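To get the numbering used here, take the position in the sequence shown, counting from 1, and add 1212.
All C-beta atoms, glycine included, are put in the ideal place defined by N, C-alpha and C.
Every value quoted in this text rests on a predicted model; they were computed, and no experiment measured them.
Everything on this sheet refers to the single structure shown next.
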Amino acid sequence: MIKADSTLLYRLFSHRVTFAVFVLTCFLLLVIGLSFYEGRNRAGISLTGLRLSSWSLAQFRAEAESFEHEVILADTRIKQPIKLKISYDILWSRFDYLLTSDETFAVRRFNDNVAEIEHLFAKFKALDPVVSDLARYGIKENSLRQLESNWKPIHEGINQLVIDNLIGGDSGNLTQQFDQDLNQVSQIRTALLLMLSGGLIYFLFAFIYLKKQSKTDPLTGLPNRYFLAQKKAVKEDDLYIVCEIKSFQTIQTDHGDAETDALIRESAKKLADCISEEDSLIHLSYGEFVIIRRASSTPAETVRTFIDRSSFDWKTVDSTVPIQFAMGADPGNRELTEDRSWRIRHTNALRALSHSLNKGLDLTIVDEKLISEYQLKRQLLRELVHFFRGNAPSNINLSIVYQPIVRVNRSKTIAGAEVLLRGRLGDDTPVPPNVIVDICEKHQLGQVFGKWLLNKIASEASQILSATRFDGFLSINLNPSLISPELPALLKSTVLAAGFEPENLCLEITEDNASIEFESTVPILQELKTLGINIALDDFGTGYSSLEYLQKLQIDKLKIDRNFVNHIESDAAREHFLKGIIDITHLLNVETVVEGVENEVQWAIVARHKADFVQGYYAYKPMAFAPFLSLLVSKLPPPLVSASIRPAY
């Protein structure tokens, strides 16, 4: 069994230390010059942190005042319980931000601020049942008085906390820390001269030692990738496993390189304890391990055992992090007469690991289906590049089809249509739309895909306008890359140029897009709404659902995902939940489109709860452009025709 012991020499002559000494020795004069600016940089960084903390405290007090205002309004004729709940959630988030954010570290380092904030937060959390009842069931005298009584000392505590920190806090301690930092830089300048002579001696010994250790990972003491290149290091009947710590990038970002190095060493020891003397453990790259299990006849059971035995709680100075590995395995092919290269085995196992990480799984064992999926994605990427750039013939065909949308209160009367993306590789291989969109987004084709889609829609929309008295809104679901400052101009040159007025256009965004780039998304949507364009939130309930989105994004329409409709006819709880979504949405003056209605019973339930629009197989199935246009013409004169267009993903 390969052991993961870490010796003094491993640490002393690690690649990280050697590189640091090399840079220090070769560029010592430059470092001395740059060190004069180090004190200024540290002061600037610290002052920036102080400013951010002061701003956060000011926002804290402002949000507390906003909640106080809503509590006061709750006892008047202009009461709005839903705003009371939203204001409560915002203040809740500010408490959590003060306790956990890096930007508010300066607040937490002085006095007993952490204990005071946690104390106030605990009392504030206790208000949640009361606030929720007021928002859900309306204002009740007893509940309101209880809220006012319990909120008052919390409000006073928040004000006192802000006063203590912004007016009477330990700013002098922070200044003293600035001076200590600058003194430290001065001492470093003096030490550089001594380090110059020490560096030459270090490199002499490092060269001798590292020459002997070229096949050993200096961080863990394990064999590295050169071990795998050895003849017969990996045999075909071996189980080849690639493993990685779950959320490793997040852990590295949160804890820094030094603590992450310690985690990797501890992880190596845990994995080494799981294998036998005949097995091999390799540290292939930073945080990526390979296990070679000799002649394993039960791959799934073996890897599952590794996962269970290697899990542990990693304890740092100020936290405890549960560590668990995700693994991908290539079980080998014993029918082959010759051993495949370790690189082929590694690629297959790495694909299995990637599948585990993407799907939130602990384990994936590669098979022909998974390999075929990756090969298909590679082929699709090549064909999509050819399709969009036009620099070579492409074997992929992209098109759009239409699924009509109907009004709930007028059975099967067409109110619009959703346009779905369709893809086909060659003549007979359908490609899921979400796969096409994912590939485009991951490989910098998102913008060109979005432009192609808008041009395609504009071309067919102009034919609709010329053949029908179209007077409805056109709704387009945006892929993530289209949500950019160039979007308004792009819409003007495509769909709007086809004859649509801005008020007849509605853009759909999904919840995950809104949450990933929330700060940059809002200004773009505000500019679009200034032009008169409507905004819809698509696939509600499948991402990061929040009523705050409906308010801050100024949503006009909400599309309720089919997951809330499936089996609703036999699930009273699901029906009750759907009703709640529709009721709250209507309180916010937002229209609802319920997707996935597939039978008459589901239609009746949705209609009973007064949704605005419905789409699904019960009304119409998706159809090509020509049949859809014929359908619109056959329904003339329409009271209102609208189209909701998106790539289905």
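Run the CB neighbour count on Asp1640, radius 10 Å, all protein chains shown included, and call it buried at 16 or more, exposed below. exposed
Where does the unbroken beta strand (DSSP E) through His1331 begin, and where does it stop? Here His1331 belongs to no beta strand (DSSP E); instead the alpha helix (DSSP H) covers 1325–1337.
Report the residue from Pro1616, Thr1517, Ala1679 whose alpha carbon sits nearest the alpha carbon of Tyr1830. Pro1616
Distance, Glu1580 Cα to Phe1599 Cα: 28 Å
Which partner residues does Thr1532 have in the DSSP bridge list? Lys1527
Applying the criterion that 16 or more other CB atoms from any shown protein chain within 10 Å of the CB defines a buried residue, is Thr1733 buried or exposed? buried
Using 10 angstroms around the beta-carbon of Asn1436, count the other beta-carbons present and answer buried if the total reaches 16, otherwise exposed. buried
Pair within 8 Å by beta-carbon distance, Cys1455 and Ala1538: yes
Can the beta-carbon of Lys1769 be found less than 8 Å from the beta-carbon of Val1813? no
Can you tell me the Cα-Cα spacing of Leu1496 and Val1502, whole angstroms? 7 Å
Is Glu1720 near Ser1687, with beta carbons less than 8 Å apart? yes
Do Ser1355 and Asp1345 have their C-beta atoms within less than 8 Å of each other? yes
Going straight from the alpha carbon of Ala1347 to that of Leu1800, what length do you get? 13 Å
Candidates Asp1466, Pro1543, Thr1797: closest to Ala1294 by CA position: What sits at residue 1294 in the sequence shown is Ile, not Ala. When only C-alpha atoms are compared, the closest one is Thr1797.
If contacts are defined as beta-carbon pairs under 8 Å, then Ile1676 and Leu1841 qualify, I think. What distance do you get, rounded to the angstrom? 6 Å
From Thr1510 to Leu1592, what does the alpha carbon distance come to, in whole angstroms? 34 Å
Give a yes or no on whether the C-beta atoms belonging to Leu1310 and Ile1329 are separated by under 8 Å. yes
Quick check on Gly1350: does DSSP put it in helix, strand or coil? coil
With a Cβ-Cβ cutoff of 8 Å, do Ser1268 and Thr1316 count as a contact? yes
Name the residue from Ile1535, Leu1440, Asp1783 whose alpha carbon lies nearest to the alpha carbon of Ala1474. Ile1535
Coarse secondary structure for Gly1602, derived from DSSP in three states: coil
With a Cβ-Cβ cutoff of 8 Å, do Val1805 and Val1818 count as a contact? no
Would you kindly check if the distance between the Cβ of Leu1575 and the Cβ of Arg1505 is under 8 Å? no
Does DSSP put Lys1447 in a helix, in a strand, or in coil? coil
What does DSSP give as the partner residues of Ile1611 in its beta bridges? It is worth fixing the name first, because residue 1611 is Ser in this sequence and not Ile. Answer by DSSP bridge pairing, in chain order: Arg1634.
Beta strand (DSSP E) runs wholly inside the region 1687–1741, at least 3 long, in chain order: 1717–1722
Candidates Thr1472, Ala1507, Ser1693, of which the one nearest Ser1488 by Cα: Ala1507
Put Pro1839 into one of helix, strand or coil per three-state DSSP. helix
What residue range does the beta strand (DSSP E) around Phe1499 cover? At residue 1499 the sequence reads Gly, which differs from the Phe that was named. Per DSSP, Gly1499 belongs to no beta strand (DSSP E) and is neither H nor E.
In three-state terms, what does DSSP make of Ile1457? strand
Where do the ends of the alpha helix (DSSP H) carrying Glu1513 lie? 1511–1522
Quick check on this structure: which residue in Ala1816, Ser1566, Asn1646, Lys1822 has the alpha carbon closest to the alpha carbon of Lys1791? Lys1822
Which of the three DSSP states is assigned to Glu1315 in this structure? helix
Return the CA-CA distance between Val1229 and Phe1524, expressed in angstroms with no decimal places. 28 Å
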